[in-house]
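There are 2 protein chains.
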Amino acid sequence: MPEQYKIHPATKVVRGPKRASYDRKLVHGIIDDALICHVGTVVNGRPAMIPTAHWRVGERIYIHGASKNRILATIANGAEACLCITHLDGLVMARSAFHHSANYRSVVIYGKGDIVADPADKLEHSKLFVEKLSKGRWDQVRQPNDQELKATMFLGFDLDEVSAKVRSGGPVDDEEDNNWPVWAGVLPCEITWGTPVDDARLDPAYRR
Amino acid sequence: MPEQYKIHPATKVVRGPKRASYDRKLVHGIIDDALICHVGTVVNGRPAMIPTAHWRVGERIYIHGASKNRILATIANGAEACLCITHLDGLVMARSAFHHSANYRSVVIYGKGDIVADPADKLEHSKLFVEKLSKGRWDQVRQPNDQELKATMFLGFDLDEVSAKVRSGGPVDDEEDNNWPVWAGVLPCEITWGTPVDDARLDPAYRR
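Chain order of the listed sequences is S and D.
Under our numbering, the first residue of the first sequence is numbered 20, with each subsequent residue one higher.
Under our numbering, the first residue of the second sequence is numbered 20, with each subsequent residue one higher.
Written out as structure tokens, the structure is:
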């Protein structure tokens, strides 16, 4: 498998091409580091989108939701989709207003979705989702029954029309602004995890 | 002004209606607490989206970017847009795989965008953007010149076709699963800010 994704007309990054990447490993990392993506399609002639969880298996990304969800059902019926995953890594504070920016890692994926139809495959994807949230949890929880699997739609998308954009590092001001009398640099940010909160009905034996 | 947004066909939340809200103050808070949104439209018949920064002025939300950006230019030419803002607040770990969920606050906005054409208004929006990143910074930085303003497109969207969805609190398992022998609760997460990183070329007088 080539190290780079093929560049398609839709994935050719025109604005800020220096930030663009088609590197397979980089794309995989950006996808895997994120818990949620935004999924867009065209519903009744209008763009629409939802945030949802995702996971990856090789060169495919998967989402799931209620079978009756309008956006998922539209994609399931053959409508084109666009998925975007974004990590905000920091604010880039320049000396000029114009050069203020953000450090980020994002991936955009175009394509049609395929329904995961086989109940055994749906069960396997339920496992992949739960295991992404917390490794080892699948074997501890009550697994989905037929009715739950029926109520859930799983959609998979090929990683083919895909591109990444990454900005990192400090501000890039115009040369003549570099002595402007103001602080300049990066305000880094990240998602951090707090103390787990026990469910109110939790059996005391399982308290953390 | 009514406390609630009017419910439109596109903003009527069908799936998970209990999580839906049209409360103006709640929507404003979700928008203002976020630094980035995802903006989607239809480009050459296909859904497309980008992450970008946003800010709000009363009942309008604004974004900006390179004038030549494909998605912004498409919206500027009259195409419908969809904006989505999402805060992930935690992972909801249930006793059943099916009831695993996320705590989140999201807003979806539908509508057409209006170009901010007047250079004085563009300057004012440059200020609003910089001030959202860091209050008081506008007066300290080198302000945009005519060329920079010309290269930047600002688009505003009415907050009219808008809805919010919020999930909070612990897992909601089926009654018969509440004694399942596994930890259940919430893994809370949030964006946290690290130590500011001085630009490599920073005048030592301005070090933090």
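Quick reminder that beta carbons are idealized off the backbone N, C-alpha and C, glycines included.
TODO: Tell me where the alpha helix (DSSP H) around Asp51 (chain S) begins and ends.
DONE: 43-52
Task: Cβ of Asp172 (chain S) within 9 Å of any chain D Cβ - done: What sits at residue 172 (chain S) in the sequence shown is Met, not Asp. Taking Cβ atoms only, chain D never reaches closer than 9 Å to Met172 (chain S), which makes this a no.
Open item on the list: At the 9 Å Cβ level, is Pro215 (chain D) part of the contact set with chain S, yes or no?
Closed with: yes
Open item on the list: On a Cα-Cα basis, can you pick out the residue from D:Ile55, D:Asp137, D:Pro66, D:Val61 that is closest to Ala72 (chain D)?
Closed with: D:Ile55
- [ ] Name, in chain order, the residues that DSSP records as bridge partners for His106 (chain D).
- [x] D:Arg124
Task: Top-ranked residue by Cα proximity to Cys103 (chain S), from D:Leu107, D:Arg114, D:Ala92, D:Met68 - done: D:Met68
Open item on the list: If you reduce the DSSP assignment to three classes, tell me which class Leu178 (chain D) lands in.
Closed with: coil
Task: Proximal residues of chain D, C-beta to C-beta of Ile55 (chain S) below 9 Å - done: Thr105, Leu107, Ala121, Tyr123
Task: Where the alpha helix (DSSP H) through Pro28 (chain D) begins and ends - done: Here Pro28 (chain D) belongs to no alpha helix (DSSP H), and DSSP marks it neither H nor E.
Task: Close beta carbons around Arg38 (chain D), own chain, < 8 Å, minus the five adjacent residues each side - done: Val32, Lys184, Val185, Arg186
TODO: Would you mind stating whether Thr171 (chain S) and Ala85 (chain S) have Cβ atoms separated by less than 9 Å?
DONE: yes
Task: Closest residue to Pro207 (chain S) among S:Leu107, S:Ser182, S:Ala136 (Cα-Cα distance) - done: S:Leu107
- [ ] Check Thr93 (chain S) in the structure and name its three-state DSSP category.
- [x] helix
TODO: For Glu99 (chain D), write down the residues that DSSP places opposite it in a beta bridge.
DONE: D:Lys131
Open item on the list: Within the continuous beta strand (DSSP E) that includes Val58 (chain D), where are the two ends?
Closed with: 55-62
Task: Outcome for Gly109 (chain D) when other beta-carbon atoms lying within 10 angstroms are tallied against a minimum of 16 - done: buried
Task: Separation of Glu194 (chain S) from Val127 (chain D), as counted between CA atoms - done: 40 Å
Open item on the list: I need the straight-line Cα distance from Asn96 (chain D) to Val61 (chain D), nearest angstrom please.
Closed with: 12 Å
TODO: Return the CA-CA distance between Gly48 (chain S) and Lys151 (chain S), expressed in angstroms with no decimal places.
DONE: 14 Å
Open item on the list: Taking the alpha carbon of Arg220 (chain D) as the reference point, which residue from S:Ile210, S:Gly189, S:Ala224 has its own alpha carbon closest?
Closed with: S:Gly189
- [ ] Identify the continuous alpha helix (DSSP H) that holds Glu33 (chain S) and give its terminal residues.
- [x] Here residue 33 (chain S) turns out to be Val, not Glu, going by the sequence shown. Taken as a continuous stretch (DSSP letters only), Val33 (chain S) belongs to no alpha helix (DSSP H), as it is neither H nor E.
TODO: Tell me, please, whether the CB atom of Lys37 (chain S) is closer than 9 Å to any CB atom in chain D?
DONE: no
TODO: Look up Tyr81 (chain D) in the DSSP assignment and say whether it is helix, strand or coil.
DONE: strand
Task: Bridge partner(s) assigned by DSSP for Lys146 (chain D) - done: According to DSSP, Lys146 (chain D) bridges with nothing at all.
- [ ] List the residues that DSSP assigns as beta-bridge partners of Asp217 (chain D).
- [x] S:Gly204
Open item on the list: Residues in the same chain with beta-carbon distance under 6 Å from Trp199 (chain S), minus the five sequence neighbours each way, listed in chain order, please.
Closed with: Arg114
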